[in-house]
Amino acid sequence: MSIPHASNIYMEGLALIQGLKIAIQQNIRRLVVETDCNVLVNMLTNDNGPYQNLITDCTWMLTKAGEPHVTHVFREANGVADIMAKHGSNSNFFGNPMMYFSPPPFVVSTLKWTS
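Residue numbers for the sequence shown, in our numbering: 240 to 354.
What follows is the structure in structure tokens.
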């Protein structure tokens, strides 16, 4: 499933909001937020023009989650997240996030490579 006319920045913001919602629901307090979208990281701290409503929602959720620090990581360091995002986009679970309490089999080899 795809969202028509949605940019990658917009989707990164929606993913941040969804992840923060899950962290809040699961009562995860020591949260670290990493993204390979440097534009999103910059927009969270600077004037963000056309994405103002999205960024306002992101900052509100970050506040609700205890104000974790959002940092940029290079895409090469984000391999597991990339594989999981691709897996999710090819599944029938769009809009219904899957939660894993241990690494799923399709990321184990990448997880071993990056550690």
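Yeah, the Cβ is synthetic: ideal placement off N, Cα and C, and Gly gets one too.
Since we're looking at a predicted model, the values are computed, not measured.
Other residues of its chain near residue i: CB distance less than 7 Å, five sequence neighbours each side excluded
i	result
L270	A262, A304, G305 and P307
L293	Y249 and G252
C355	The chain is shown only over 240 to 354; residue 355 falls outside these bounds and no answer can be derived.
Same chain, Cβ closer than 6 Å to residue i, neighbours up to 5 away in sequence not counted
i	result
N317	D275
T310	E273
P343	none
Any chain D beta carbon closer than 8 Å to residue i
i	result
A262	You won't find chain D in this structure, because it holds only one protein chain.
Extent of the continuous alpha helix (DSSP H) to which residue i belongs
i	result
V309	Run containing V309: none in the alpha helix (DSSP H); it sits in the beta strand (DSSP E), V309 to H311.
T295	Q291 to K303
A320	G318 to S328
L259	N247 to Q264
DSSP bridge partner residues for residue i (one or two, in chain order)
i	result
E273	T310
Between the CA atoms of residue j and residue i - distance to the nearest angstrom
i	j	result
I248	L279	6 Å
L301	N277	17 Å
V312	A320	11 Å
T284	I322	28 Å
I267	G288	31 Å
P336	D286	30 Å
S348	F340	17 Å
T295	L350	33 Å
N331	W299	29 Å
L259	Q265	10 Å
G327	V346	12 Å
N281	L255	14 Å
K325	S246	16 Å
Best match in the options for proximity to residue i [C-alpha to C-alpha]
i	options	result
Q291	P343, L253 and N335	L253
Residues near residue i by beta carbon distance below 8 Å, same chain, minus five either side
i	result
Q257	P336
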